[in-house]
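Let me begin by presenting the structure, written as structure tokens, before commenting on it.
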Amino acid sequence: MQVVILKMMMSLDSPPSCLGDVTIGKDTSVWYGATVRGDVQKITIGDNCSIGDRSVLHVVKIQGDFPIIIGNGVTVGPGAIIHGATLENNVMVGAGAQVLDGSVVEKGAIIEPGSVVTPGTRVKRNTLWAGSPAKMLRDLGKEELKASIQTTEDNIGLAYIHAEECAKPQNQLHDEELQHEDDEVRDPEYVFQQRKPGEKVDDNDVLGIGSPGIIFDNALSAPEKWAEAQNKVMREHDEKQKENKEKKENA
19 MQVVILKMMM
29 SLDSPPSCLG
39 DVTIGKDTSV
49 WYGATVRGDV
59 QKITIGDNCS
69 IGDRSVLHVV
79 KIQGDFPIII
89 GNGVTVGPGA
99 IIHGATLENN
109 VMVGAGAQVL
119 DGSVVEKGAI
129 IEPGSVVTPG
139 TRVKRNTLWA
149 GSPAKMLRDL
159 GKEELKASIQ
169 TTEDNIGLAY
179 IHAEECAKPQ
189 NQLHDEELQH
199 EDDEVRDPEY
209 VFQQRKPGEK
219 VDDNDVLGIG
229 SPGIIFDNAL
239 SAPEKWAEAQ
249 NKVMREHDEK
259 QKENKEKKEN
269 A
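Each residue of the sequence shown is one higher than the one before, counting from 19 in my numbering.
Next up, the structure:
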């Protein structure tokens, strides 16, 4: 078995399973719960592909001898099954569809969700197929082909977001969760606010939540600080009132 070359793989509670003679291209994502199994034949997946959640890619050796060859910019939808088939560039296989032994889906073709492409079928380029067994419905228009390519690009961007999140250590995820919860429940009028990134810190600041004792400052113990704080509150109140008034006038 060859070494698996992985450029981007998701990994959380349901990581993908990728084993055997498998090669995966640049910017290709294998999503949660997917199985890519090249045990008795090889699987080659090109660049910029998306292998959807819970999809299954498996080769054929017992009843025939078929590898899986997937070109560039291919989208395999969630729950789809690719079994010993070839998908050329920019093919889209819908959710839950099956492309079976020895089938070839030519460039730009789309297989509708839930369809079954029976063994040995050749799907013509830039056509739409649907049904069980799948049959050609019509040729695809230019806008449909553009939309298919756009879906591929969108999946790449989404995959990078997921990959970035999956790469974070547990303590960072925990801190971000606490920060999100704090942002949700902390009243913006509350005197102690979390420090924003890059915000200047007072010399007396403790843990980013202010100076000890400031809550006890009043007109007698610290008149200057008290007056400054009151003026700040009044300015913010006036600005908020003005903003609300402008919103009502423009509504």
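Backbone N, C-alpha and C fix where the C-beta goes; we use that ideal spot for every residue, glycine too.
{"query": "Nonlocal neighbours in the same chain, by C-beta distance under 6 angstroms from L158, ignoring five residues either side", "result": "N144, L146"}
{"query": "Where M110 falls, given that 16 or more other Cβ within 10 Å makes a residue buried", "result": "buried"}
{"query": "Validate contact between the segment 105-121 and the segment 186-193 using beta carbons, cut 8 angstroms, 3 pairs", "result": "no"}
{"query": "CB contact flag (C280, V54, <8 angstroms)", "result": "The structure shown does not extend to residue 280, since the chain is modelled only from 19 to 269, so the question has no answer here."}
{"query": "Under the three-state DSSP convention, the category K243 falls into", "result": "helix"}
{"query": "As assigned by DSSP and simplified to three states, the class of I167", "result": "helix"}
{"query": "Own chain, CB closer than 6 angstroms to D71, minus 5 neighbours either side, in chain order", "result": "W49, Y50, G51, P96"}
{"query": "Coarse secondary structure for Q81, derived from DSSP in three states", "result": "coil"}
{"query": "Exposure of N268, with buried meaning 16 or more beta-carbon neighbours within 10 Å", "result": "exposed"}
{"query": "When L75, D45, G64 are compared against G38, the one with the closest alpha-carbon", "result": "L75"}
{"query": "Helix, strand or coil at G38 [DSSP, three-state]", "result": "strand"}
{"query": "Bridge partners - G149, DSSP secondary structure assignment", "result": "A152"}
{"query": "Neighbour-count burial assignment, N90, 16 or more Cβ in a 10 Å radius", "result": "buried"}
{"query": "T53: CB within 7 angstroms of a non-hydrogen atom of the ligand FMN", "result": "Among the components of this structure there are no ligands whatsoever, and the ligand FMN is therefore not found."}
{"query": "Residues bridged to V94 (per DSSP)", "result": "I69, V111"}
{"query": "Limits of the unbroken alpha helix (DSSP H) element including D57", "result": "Per DSSP, D57 belongs to no alpha helix (DSSP H); it is in the beta strand (DSSP E), 53-63."}
{"query": "Identity of the residue in V78, G112, K164, E257 nearest A103 by Cα", "result": "V78"}
{"query": "G126 to Y178 span [Cα, whole Å]", "result": "24 angstroms"}
{"query": "C-alpha gap between L176 and D45, whole angstroms", "result": "11 angstroms"}
{"query": "Sequence-distant residues of the same chain with beta carbon closer than 7 angstroms to I88, five excluded per side", "result": "T62, I63, G64, C67, L105"}
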